[in-house]
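**Q** Numbering (the numbering used here), first residue to last: 14 to 482. Where a beta carbon is used, it is the ideal one built from N, C-alpha and C, also for glycine. The structure's right below; bear with me while I get my questions together.
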Amino acid sequence: MSRLVVVSNRVADLRKSSQSGGLAVGLADALRERGGVWFGWDGETVATRPTEAKVDEIGNVRMISMPIRQEDYNDYYIGYANSVLWPLFHYRLDLVSFRPAFFEGYMRVNLQFASLLAPHLADDDIVWVHDYHLIPLAQALRNLGCRQRTGFFLHIPFPPLDLLAATPNHRELVEALMQYDVIGFQTSTDVANFRHYLDEWGMAESVDEDTVRVDRRLITIRRYPIGVDADAFREMAEQTPDDVRIDSQRREVLGRKQIIGVDRLDYSKGLPDRFRAFSRLLSLHPELEKKVTFLQVAPPTREDVNAYSDIREELEGLTGSINGRFSDFNWTPLRYIHRPVARETLASLFRASRVGLVTPLRDGMNLVAKEFVAAQDDENPGVLVLSQFAGAAEELREALIVNPYDIDGMAEAINRALYMDLDERKDRQKALRARVSEQNAQTWLESFLRDLERPGKPVLVRDIDASAA
Ligand code: GDG
Numbered sequence: 014m015s016r017l018v019v020v021s022n023r024v025a026d027l028r029k030s031s032q033s034g035g036l037a038v039g040l041a042d043a044l045r046e047r048g049g050v051w052f053g054w055d056g057e058t059v060a061t062r063p064t065e066a067k068v069d070e071i072g073n074v075r076m077i078s079m080p081i082r083q084e085d086y087n088d089y090y091i092g093y094a095n096s097v098l099w100p101l102f103h104y105r106l107d108l109v110s111f112r113p114a115f116f117e118g119y120m121r122v123n124l125q126f127a128s129l130l131a132p133h134l135a136d137d138d139i140v141w142v143h144d145y146h147l148i149p150l151a152q153a154l155r156n157l158g159c160r161q162r163t164g165f166f167l168h169i170p171f172p173p174l175d176l177l178a179a180t181p182n183h184r185e186l187v188e189a190l191m192q193y194d195v196i197g198f199q200t201s202t203d204v205a206n207f208r209h210y211l212d213e214w215g216m217a218e219s220v221d222e223d224t225v226r227v228d229r230r231l232i233t234i235r236r237y238p239i240g241v242d243a244d245a246f247r248e249m250a251e252q253t254p255d256d257v258r259i260d261s262q263r264r265e266v267l268g269r270k271q272i273i274g275v276d277r278l279d280y281s282k283g284l285p286d287r288f289r290a291f292s293r294l295l296s297l298h299p300e301l302e303k304k305v306t307f308l309q310v311a312p313p314t315r316e317d318v319n320a321y322s323d324i325r326e327e328l329e330g331l332t333g334s335i336n337g338r339f340s341d342f343n344w345t346p347l348r349y350i351h352r353p354v355a356r357e358t359l360a361s362l363f364r365a366s367r368v369g370l371v372t373p374l375r376d377g378m379n380l381v382a383k384e385f386v387a388a389q390d391d392e393n394p395g396v397l398v399l400s401q402f403a404g405a406a407e408e409l410r411e412a413l414i415v416n417p418y419d420i421d422g423m424a425e426a427i428n429r430a431l432y433m434d435l436d437e438r439k440d441r442q443k444a445l446r447a448r449v450s451e452q453n454a455q456t457w458l459e460s461f462l463r464d465l466e467r468p469g470k471p472v473l474v475r476d477i478d479a480s481a482a
C-alpha cells in the first residue's frame, strides 16, 4: 500500500479533531488508521515567505504545515479562493469580485505549497489534494518534477459552463486541473458540468463515462459522494447531555416541537430565506403559536470577506423582527446562536428535534443533512426538509425536498413535517438511514483511493501506443 499524502488548505489539529466537523474528522480518522502525511497551511500569517515547513509527528501521522504571508493570505485566501471561486462555484456571479492580483496570489501560494511539499514526497506516494483552494497544485508539483499519482476532490459544486466561462483565467484553471490523475466531484450534476466544459472548450477527448484523455494521459473523472461516520454519529447523539435533556423535557411538557438548522454562516446556505419561511409558517398557521421553536446554530466563518458581514447583519435583523412580531413572555419562537456548539451537543440536539432544516441555495453535498439522519431515533424520527440544490438531495430522496427560493413552499413543507404521522416518518427514516449508512465517510474515502492507487488503464495506454506507431 502506498503512503497517503493528504493536502488541504488548512491542516486540522489531530489532537482536537473531535471538536470540529465533517471533512476534518473524516480525513483525520482515515489518516490515523492508515498512517501518512497531512500537509497544509497552519492558519498563521507572517511577514516573510517561509522557506521550509514545520514537521510534527502525531502517532503514525506526519503533520507538515507552514504559515503564509499576510499579502498572500489577502490575495489567495480572501481574494481568489473566497471572493472569486467560492461565489462562482456556488452559481453567485453577482458576488464575484475579481482582481488580477487575486489570481496571481492564488498561483503564487499554490507554488509555495508545491515547493515546500516536494522535498517531503517519496516516489511511490499517492497525493490527494482537497478543494478549490488548491486546483493548480498538481501542475505546480509536476513543474517541480513530481510524478506521483495525484488526485483532486472538489468539495463544492462545479458550475455550469457559461458561469465558469464568465471569469477570466477559467481556461488556465481547468488546464491546471487536468494535471491530476483522478478528479472527484460530489454529484453527477457536477461531473456533467465539468464534462460539458471539457467538450465545449475542446480540452480533452472522451474515452468512456469515467475517463478522458489529454495527450497520452488518461484521467479518471467521477462522482464520489462524501458521507459521514453514521454509526459513530448516532452513538454520539444517544449520549444526551443533561442540559439538552432538560430542555427537551420542558418542551415535551409544553407540547412544543423543535425545528433545527446548523450551518456555517455563509450566503450559500440560504439562511435569510429559511428565516422568512419560518416567519411565513407562523403567520399562515397561527395555531402553531407556542407549539414550535426554531433553533438555528450558525457559527461565524470568513468574517474578513465583505459578503459575510452583510449576511450576518441581515440575519440579526430578521431574528429581531421575527421575535419582535411573534414572541410572548413565555415563548421565543426563533433562537439564533452565532457561535460554534460542541459536536456532541449538536448530535443530541438533532436527535431532540422534530424537523431538520437544510435549505442551501447551492451546496456541494451538505454533511449536516446526513448527520441529522444519522442522529435520529429510528422509532420516533424527525423529518429532514432538504433543498433540491444540496448535493445530498441526489441521494436523500426520502427527505421532503424543497425549492429554497420558494418561501411559501418551504413554509408548507415545514408544516407538513411537523404533522407527519409516525408511520410515514419511520418509513422515510428507514430508507434515509440505509443510504447514509451505506454511503459513509469510509466508503467515500475507499472509493476515491481505489481509483487513485490504480495506475491508469494499461489496455488503453497500449492502444494509444499502437495507434501512434
Ligand atoms: C464543504 C461543502 C460539503 C457546523 N456548525 C458547527 C459544526 N458544524 C459542522 C457540521 C458539519 C460541518 O461543520 C459542515 O459541513 P457541511 O457539509 O454542512 O458544509 P461546509 O462547511 O460548507 O463544507 C459542503 C463539505 O465541504 C464536505 O465535502 O458537504 O457542501 O460546502 O459536520 O456538523 N460543528 C461544530 N459546531 C458547530 O457550531 N462542532
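Compute the Euclidean distance between the alpha carbons of residue 74 and residue 146, then round it to the nearest angstrom.
**A** As a working note, residue 74 is residue 61 in the sequence shown. As a working note, residue 146 is residue 133 in the sequence shown. Near 23 Å, if we compare the C-alpha coordinates of residue 146 and residue 74.
**Q** With DSSP as the reference, label residue 146 as helix, strand or coil.
**A** Here residue 146 corresponds to residue number 133 of the sequence shown, with the count starting at 1. Three-state result, residue 146: helix.
**Q** Does the ligand GDG have even one heavy atom less than 7 Å from the beta-carbon of residue 242?
**A** Residue 242 sits at position 229 when you count from the first residue of the sequence shown. Because no heavy atom of the ligand GDG lies under 7 Å away, the Cβ of residue 242 does not count as near it: no.
**Q** Taking residue 345 as the reference, which of 371, 308, 373, 378 has the closest Cα?
**A** Indexing the sequence shown from 1 puts residue 345 at position 332. Closest by alpha carbon: 308.
**Q** Since residue 328 contacts residue 288 with CB under 8 Å, what's their CB separation in whole angstroms?
**A** For the purposes of this step, residue 328 is identified with residue 315 of the sequence shown, where counting begins at 1. For the purposes of this step, residue 288 is identified with residue 275 of the sequence shown, where counting begins at 1. Confirmed, about 7 Å.
**Q** My parser needs the beta strand (DSSP E) runs of 3 or more residues fully inside the stretch 385 to 432; what are they?
**A** As far as the stretch 385 to 432 is concerned, its whole beta strand (DSSP E) runs of at least 3 residues are 396 to 400, 413 to 415.
**Q** Alpha carbon to alpha carbon, what distance is there between residue 302 and residue 197?
**A** Taking the first residue of the sequence shown as position 1, residue 197 is located at position 184. Taking the first residue of the sequence shown as position 1, residue 302 is located at position 289. Rounded to whole angstroms, residue 197 to residue 302 spans 46 Å at the Cα level.
**Q** Sort out for me which residues DSSP pairs residue 271 with in a bridge.
**A** What you label residue 271 is simply residue 258 of the sequence shown in a count that begins at 1. Paired residue(s): 306.
**Q** Just to confirm the assignment, what range does the beta strand (DSSP E) spanning residue 76 have?
**A** Reading the sequence shown from its first residue, position 63 is the one you call residue 76. Unbroken beta strand (DSSP E) run through residue 76: 74 to 82.
**Q** For residue 222, does the three-state DSSP call read helix, strand or coil?
**A** Reading the sequence shown from its first residue, position 209 is the one you call residue 222. The answer is coil: DSSP assigns residue 222 none of H, G, I, E or B.
**Q** Output needed for residue 225: all residues of its chain with C-beta closer than 8 Å, excluding positions within five of it in sequence on either side, in chain order.
**A** Mapped onto the sequence shown, residue 225 falls at position 212. Answer for residue 225: 208, 211, 217, 218, 219, 231, 232, 234, listed in chain order.
**Q** Which whole runs of the beta strand (DSSP E) in the stretch 88 to 144 are 3 residues long or more, in chain order?
**A** Fully enclosed beta strand (DSSP E) runs of 3 or longer: 139 to 143.
**Q** May I have the straight-line CA-CA distance separating residue 476 from residue 280, to the nearest angstrom?
**A** Against the sequence shown, residue 476 aligns to sequence position 463. Against the sequence shown, residue 280 aligns to sequence position 267. Low confidence applies to residue 476: its pLDDT is 41, below 50, so where it sits in the model is not reliable, and the reading given next is rough at best. Each residue's Cα considered, the two are about 48 Å apart.
**Q** Sorted by chain position, which residues of the same chain lie with C-beta nearer than 6 Å to residue 108's C-beta, five sequence neighbours on each side aside?
**A** Against the sequence shown, residue 108 aligns to sequence position 95. Same-chain partners within the cutoff: 100, 320.
**Q** Quick check: is the beta carbon of residue 245 nearer than 8 Å to any beta carbon in chain B?
**A** No chain B appears in the structure shown, which is made up of a single protein chain.
**Q** Taking residue 347 as part of the alpha helix (DSSP H), name the residues at either end of that continuous run.
**A** Taking the first residue of the sequence shown as 1, we reach residue 347 at position 334. From DSSP, residue 347 is part of no alpha helix (DSSP H) but of the beta strand (DSSP E) over 347 to 350.
**Q** Check each candidate in 215, 276, 261, 82 and name the one with the smallest Cα separation from residue 375.
**A** Counted from its first residue, the sequence shown places residue 375 at position 362. Considering only alpha carbons, the answer is 276.
**Q** Would DSSP call residue 20 helix, strand or coil?
**A** By one-based count along the sequence shown, residue 20 stands at place 7. Note: residue 20 maps to strand in three-state DSSP.
**Q** Relative to the alpha-carbon of residue 353, which residue among 342, 311, 324 has its alpha-carbon at the smallest distance?
**A** Start at 1 with the first residue of the sequence shown, and residue 353 comes out as number 340. For the residues 342, 311, 324, the minimum Cα distance to residue 353 belongs to 311.
**Q** Using the rule of at least 16 other Cβ atoms within 10 Å of the residue's Cβ for burial, across every protein chain shown, is residue 526 buried or exposed?
**A** The question about residue 526 has no answer, for the chain in this structure spans 14 to 482.
**Q** On the DSSP letters alone, give me the boundaries of the beta strand (DSSP E) that residue 70 sits inside.
**A** In the sequence shown, the residue the question calls residue 70 occupies position 57. 67 to 71 is the extent of the beta strand (DSSP E) around residue 70.
**Q** Pull up the CB-CB distance for residue 466 and residue 21, whole angstroms please, since I reckon it's below 8 Å.
**A** On the sequence shown, residue 466 is found 453 positions in, with the first residue counted as 1. On the sequence shown, residue 21 is found 8 positions in, with the first residue counted as 1. That belief does not hold up - the Cβ atoms of residue 466 and residue 21 are roughly 19 Å apart, past 8 Å.
**Q** Residue 233 lies in the alpha helix (DSSP H); which residues open and close that run?
**A** Here residue 233 refers to the residue found at position 220 when the sequence shown is read from its first residue. Counting along the chain, residue 233 falls outside any alpha helix (DSSP H), though it belongs to the beta strand (DSSP E) covering 230 to 236.
**Q** As a quick exercise: from 404, 17, 368, pick the residue whose alpha carbon is nearest that of residue 425.
**A** Here residue 425 refers to the residue found at position 412 of the sequence shown. When only C-alpha atoms are compared, the closest one is 368.
**Q** Can you tell me the Cα-Cα spacing of residue 479 and residue 192, whole angstroms?
**A** Residue mapping note: residue 479 aligns to position 466 of the sequence shown, counting from 1. Residue mapping note: residue 192 aligns to position 179 of the sequence shown, counting from 1. At residue 479, the pLDDT of 39 sits below 50, so the modelled position is not reliable; the number obtained from the coordinates is stated separately. Approximately 24 Å, taken between the alpha carbons.
**Q** Relative to the C-alpha of residue 407, which candidate in 430, 189, 170, 178 has its C-alpha closest?
**A** Within the sequence shown, numbered from 1, the residue matching residue 407 stands at position 394. Checking every option, the nearest Cα to that of residue 407 belongs to 170.
**Q** Which same chain residues end up closer than 6 Å to residue 153 when comparing Cβ atoms and leaving out the 5 residues on each side of it in sequence?
**A** The sequence position of residue 153 within the sequence shown is 140, counting from 1. Same-chain partners within the cutoff: 123, 124, 127.
**Q** Over the uninterrupted beta strand (DSSP E) stretch that includes residue 324, give me the two end residues.
**A** To locate residue 324, count along the sequence shown from 1; it is residue 311. Here residue 324 belongs to no beta strand (DSSP E); instead the alpha helix (DSSP H) covers 319 to 339.
**Q** For residue 140 and residue 26, I'd like the C-alpha separation in whole angstroms.
**A** Mapped onto the sequence shown, residue 140 falls at position 127. Mapped onto the sequence shown, residue 26 falls at position 13. Straight-line Cα distance between these residues: approximately 20 Å.
**Q** CB residue 394 to CB residue 162, shorter than 8 Å?
**A** Counted from its first residue, the sequence shown places residue 394 at position 381. Counted from its first residue, the sequence shown places residue 162 at position 149. No, the Cβ-Cβ distance between residue 394 and residue 162 is not below 8 Å.
**Q** With DSSP as the reference, identify every bridge partner of residue 162, one or two as the case may be.
**A** The count along the sequence shown starts at 1 and reaches residue 162 at position 149. 139.
**Q** Would you mind stating whether residue 88 and residue 119 have Cβ atoms separated by less than 8 Å?
**A** Here residue 88 refers to the residue found at position 75 when the sequence shown is read from its first residue. Here residue 119 refers to the residue found at position 106 when the sequence shown is read from its first residue. For residue 88 and residue 119, yes; Cβs fall inside 8 Å.
**Q** Under three-state DSSP, which class holds residue 198?
**A** Counted from its first residue, the sequence shown places residue 198 at position 185. Three-state result, residue 198: strand.
**Q** Which two residues bound the contiguous alpha helix (DSSP H) that contains residue 167?
**A** Taking the first residue of the sequence shown as position 1, residue 167 is located at position 154. No alpha helix (DSSP H) contains residue 167, which DSSP labels as neither H nor E.
**Q** Taking all protein chains shown into account, decide if residue 292 is buried (16 or more other Cβ within 10 angstroms of its Cβ) or exposed.
**A** Position 279 of the sequence shown, counted from the start, is the residue given in the question as residue 292. Buried, since its Cβ has 16 or more Cβ neighbours within 10 Å.
**Q** Cβ of residue 400 within 8 Å of Cβ of residue 381?
**A** Working through the sequence shown from its first residue, we reach residue 400 at position 387. Working through the sequence shown from its first residue, we reach residue 381 at position 368. Against a cut-off of 8 Å, the Cβ pair of residue 381 and residue 400 comes out as no contact.
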